[in-house]
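Q:
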Amino acid sequence: MQSNISVLKPKIERFHAQREYTLGYLALSYSCNEVDWLEKASKTAIAAFGGGGRSFMDIGCGDGRLTKRLAASFEKVSFFEPNPISFSLAKSHMASFRGQTDSRNNAFPMDQPLRFDVFDTVLISNALYHVEKTEWQSFFSAVSANMRKRGICIVALLNEDADTKKFVNCANPSKEMLAAEDLLSIGGTLRELGLEIQDVRKINPMVRTHTPDASSLITDFLLGNARLSASTDAEVVREVRHRLAADGISNSQSVITLRKMR
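Spelled out as structure tokens, the structure:
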């Protein structure tokens, strides 16, 4: 029995970590109406730069709320999400979609072939943080390879001055969180892959909540389970909770549109 428990323990711990991450992100997202902001910016980009078309791919779709809202304009939708809890929610949100779907509980890119080969529009909303910057070139090479010529890729990332990013960096100073400015700085690399930056739109959802449970979830999400062992961490926790109930915390993002030129 002991050996069985030792085998299960890492799986149980991983499940709890994924659950807490998902709940924390959802609390933050709902508290600033993030999906409303991203939907408006994404639809504006699609209309302005000729996205739309028949096929849509969402890489790192999270719980699938934004996927569902954008999917209505397409006939075929592929969505990827490595977190099994978020993926289950995404499957539920997309259950009413009447077109063809290809859903994978995996990260992108994958070894297996995709059901739909070429996409008119690709969305990568707040997912690039989970890809090391050293791997961005190969990642976007795979994205470009799955896009039709003149198709668009919409990327949402926190801005350098976002309060949410600053708090995450404060909790984990040894690993700087990537930002929209990092993507904009590699325009030359993207160009070599056939992708041109067409537009940058800034949005600034403010995270606010007076609900203690939501405040705790958001604080833990931003500060890595609110590391209270050091007094400085305790001060940061108090600041986050105060700001959530008062003026709010900036979740400033840039929605960047890339077009495949060749």
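Just so we're aligned, residue 1 is where the sequence shown starts under our numbering, counting upward by one.
Glycine is no exception: its CB is placed at the ideal position from the N, C-alpha and C atoms.
By Cβ distance below 7 angstroms, which residues in the same chain neighbour N172 in space, the five residues on each side in sequence not counted?
A: Along the sequence shown, one-based indexing puts residue 172 at 172. Closer than 7 angstroms at Cβ, skipping near neighbours: G224.
Q: Distance check for Q100 and F80, CA to CA, integer angstroms please.
A: Within the sequence shown, residue 80 is the residue found at index 80, counting from 1. Within the sequence shown, residue 100 is the residue found at index 100, counting from 1. Straight-line Cα distance between these residues: approximately 15 angstroms.
Q: Just tell me which of N105, K68, L66 has its CA closest to the CA of N83.
A: Along the sequence shown, read from residue 1 onward, the residue named residue 83 stands at position 83. The candidate whose alpha carbon is nearest that of N83 is N105.
Q: Between the stretch 116 to 133 and the stretch 144 to 160, can you find at least three pairs of beta-carbon atoms closer than 8 angstroms?
A: yes
Q: Go through its chain and collect everything with a Cβ distance to E20's Cβ below 7 angstroms, but skip five positions before and after it.
A: Position 20 of the sequence shown, counting from 1, holds the residue named residue 20. Answer for E20: D220, listed in chain order.
Q: Alpha helix (DSSP H) containing Q253: first to last residue?
A: Stepping through the sequence shown from its first residue, residue 253 is reached at position 253. Per DSSP, Q253 belongs to no alpha helix (DSSP H); it is in the beta strand (DSSP E), 253 to 260.
Q: Can you give me the C-alpha to C-alpha distance between S216 and E34, rounded to a whole angstrom?
A: Within the sequence shown, the letter at position 216 stands for residue 216. Within the sequence shown, the letter at position 34 stands for residue 34. If I take the Cα positions, the gap works out to 19 angstroms.
Q: Tell me which same chain residues have a C-beta within less than 7 angstroms of the C-beta of S144, skipping the five on either side of it?
A: Against the sequence shown, residue 144 aligns to sequence position 144. So the list reads L193, G194, L195, K260, once near-sequence residues are dropped.
Q: Can you tell me whether DSSP reads D236 as helix, strand or coil?
A: As a position in the sequence shown, residue 236 is number 236, starting the count at 1. A small fix is needed here, since residue 236 is Val in this sequence, not Asp. The answer is helix: DSSP assigns V236 an H, G or I state.
Q: In three-state DSSP terms, what is S88?
A: Counting from 1 along the sequence shown, the entry for residue 88 is found at position 88. Three-state DSSP puts S88 in a helix.
Q: In the stretch 46 to 95, which residue ranges form an unbroken alpha helix (DSSP H) of at least 4 residues, counting only runs that do not cross its ends?
A: Taking only runs of at least 4 residues, the alpha helix (DSSP H) segments lying wholly in the stretch 46 to 95 are 65 to 71, 84 to 93.
Q: Is F108 near the ligand GTP, going by C-beta to nearest heavy atom under 7 angstroms?
A: For the ligand GTP, the structure offers nothing, since it holds no ligand at all.
Q: So, with DSSP's three-state summary, where would you put C170?
A: Counting from one through the sequence shown, the residue named residue 170 turns up at place 170. C170 falls in the helix class under three-state DSSP.
Q: Measuring alpha carbon to alpha carbon, tell me which residue in R201, S73, V240 is nearest D120.
A: The residue you call residue 120 lines up with position 120 of the sequence shown. Ranking R201, S73, V240 by Cα distance to D120 puts S73 first.
Q: Under 8 angstroms: do the stretch 242 to 253 and the stretch 60 to 76 share three or more Cβ pairs, one atom per stretch?
A: no
Q: Let's see if you can read the secondary structure: which residues bound the alpha helix (DSSP H) around D182?
A: Working through the sequence shown from its first residue, we reach residue 182 at position 182. Residues 180 to 184.
Q: Specify the secondary structure class of L193 as computed by DSSP and reduced to three states.
A: Here residue 193 corresponds to residue number 193 of the sequence shown, with the count starting at 1. Secondary structure of L193 (DSSP, three-state): coil.
Q: Please report the straight-line C-alpha distance between L222 and A214, rounded to a whole angstrom.
A: Taking the first residue of the sequence shown as 1, we reach residue 222 at position 222. Taking the first residue of the sequence shown as 1, we reach residue 214 at position 214. Whole-angstrom Cα-Cα distance: 12 angstroms.
Q: Measure how close the beta-carbons of I218 and S31 come, nearest whole angstrom, since I'm counting them as under 8 angstroms.
A: Your numbering for residue 218 matches position 218 in the sequence shown. Your numbering for residue 31 matches position 31 in the sequence shown. Indeed they touch by this definition, with Cβ atoms about 7 angstroms apart.
Q: Whose C-alpha, out of L190, R54, R14, is nearest the C-alpha of F139?
A: In the sequence shown, the residue the question calls residue 139 occupies position 139. Comparing Cα-Cα distances from F139 to each of L190, R54, R14, the minimum goes to L190.
Q: Which value, in whole angstroms, describes the spacing of the CA atoms of I256 and D161?
A: What you label residue 256 is simply residue 256 of the sequence shown in a count that begins at 1. What you label residue 161 is simply residue 161 of the sequence shown in a count that begins at 1. Roughly 16 angstroms separates the two Cα atoms.
Q: With respect to the alpha helix (DSSP H) encompassing L223, which residues constitute its N-terminal and C-terminal limits?
A: Numbered from its first residue, the sequence shown carries residue 223 at position 223. It spans 212 to 223 - the alpha helix (DSSP H) in which L223 sits, taken as one unbroken run.
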